[in-house]
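Comments concern the structure below.
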Amino acid sequence: MANLLERLEEKGLQAKYVRDRALPTWWDADLEDDPTVVAEAAGYIAKRLGLDIASVFSPEAEIAFKGQAQAKFKKRQDTSKQSLEVVQGLASRVAELVSYAVLPSYHELRKDAAALRQGILARGCWVNLDSLLALCWQHGIPVVHFSPPQGTKKIDGMVASFNGRLVIVICCARKAAAWLAFILAHELGHILAGHVQEQFYVDESITQEEQDPEELEANAIAATLLLGNPNNYEWRARLYPNVLVTTARRFSRRDNVDPGIVCLNYGWKRDIKEEWGIAGKALKTFEPIQKAPNTINQHLIHNLDWERLDRDSQEYLRLVIGA
């Protein structure tokens, strides 16, 4: 087992994460001397983490994840594809388990962001994280929040396809619902625009400076979903947090936009570190308690048939989503 843990460390998987998340509950260090039991435990690790089983049982081979040849990475220029393999592999395994257990049947989304926004507004004041989650689940598109282990390269989100089912995985570490609403809207943008042709579509970091045509299109769709007309907001001057709060409330009533998302739009458009700080302070007025990852996974928990998963897969999925 020590050799396998060392090889997993070389891949980027810390031993503590493997022990806490991937080893079966019956494992004990006293079993290290029994090769049959060690092999069984290694099989559990491979299954839980989505590793290529042959690479796990070949001592000289580099540890590999299943299915990474089918991934499209949207990343920064200074980020290597290899540095994202661990988080993509782990997130993909979570998405695969979710795809097996999801209850609602799949219905293709209408490819019209403005019409989808109007449909949401017919039932509520604005488009926010809760309404986007409801939209996804109504169409049988599960959404899960997965927190990658410490020490791995982070991504904002990805769309995976398993068993004919699209699954959105949000990995962004931010807790505010307005932030994760934008990440979710962006991933929906990729789906609506037909970008998800590979099995996995991975967004490292969603920024305003994007030059990639697909990223620009996904950003534009997200803006339409969340803001309606994103050109309504110019933000030519710096605002103090209290002024931004007042302005966000006014724009929210005028345009049917979540006031927290208005605050983030200010930071996005101004795009200066100090301005993002102002946006964050204003956002806390509307979201004093920020627990959006939990909100996402509560929707997930209630929309899965857990009995479709074997007991070990249930245990692992509950561990990684905090159920």
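Its first residue numbered 875, the sequence shown is counted upward by one per residue in the numbering used here. Heads up, the beta-carbon is just placed ideally off N, CA and C, and yes, glycines get one too.
Membership of L983 in any beta strand (DSSP E) is not indicated, and neither H nor E is assigned to it by DSSP. In this structure, I937 lies near K885, with their beta-carbon atoms less than 8 Å apart. Spatial neighbours of I1095 in its own chain (CB-CB distance under 6 Å, excluding positions within 5 residues in sequence) are listed in chain order as A987, G1063 and L1066. Per DSSP, the beta-bridge partners of I1044 are H1019 and G1031. The straight-line gap separating the alpha-carbon atoms of A1092 and L905 is approximately 50 Å. Of all alpha-carbon atoms in Q1071, N1037 and D894, the one lying nearest the alpha-carbon of V972 is that of N1037.
Around the beta carbon of S932, fewer than 16 other beta carbons lie within 10 angstroms, which makes this residue exposed. Between the region 1182 to 1194 and the region 1157 to 1167, the count of C-beta pairs closer than 8 Å stays below three; the two stretches do not touch. Setting aside the 5 residues that flank it on each side, H1176 has no residue in the same chain whose C-beta is closer than 8 Å to its C-beta. Less than 8 Å separates the beta-carbon of V1131 from that of G1102. By alpha-carbon distance to R881, the top candidate from K985, A1052 and I919 is I919. Between W1011 and I1146, the alpha-carbon positions lie close to 35 Å from each other. The shortest CA-to-CA distance from G998 to any of D1186, L1100 and D1086 is the one to L1100. By the Cβ criterion, the region 1108 to 1128 is not in contact with the region 1023 to 1030, since fewer than three pairs of Cβ atoms, one from each stretch, lie closer than 8 Å. Here L1066 carries a helix assignment [DSSP, helix/strand/coil].
Selection E934, G924 and I994 evaluated against Q962 yields G924 as nearest (Cα-Cα). Proximity to A896 across A935, T910, E959 and V968 peaks at V968, based on C-alpha coordinates. Residue pairing of V1001 in beta bridges, as defined by DSSP: V1131. Annotation for H1173: the continuous alpha helix (DSSP H) segment containing it runs A1166 to I1175.
Per DSSP, the unbroken alpha helix (DSSP H) holding D1186 starts and ends at R1185 to I1195. By the C-beta density criterion, D1077 is buried, having at least 16 other C-beta atoms within 10 angstroms.
One thing to note: L1003 has its Cβ within 8 Å of the Cβ of A1055.
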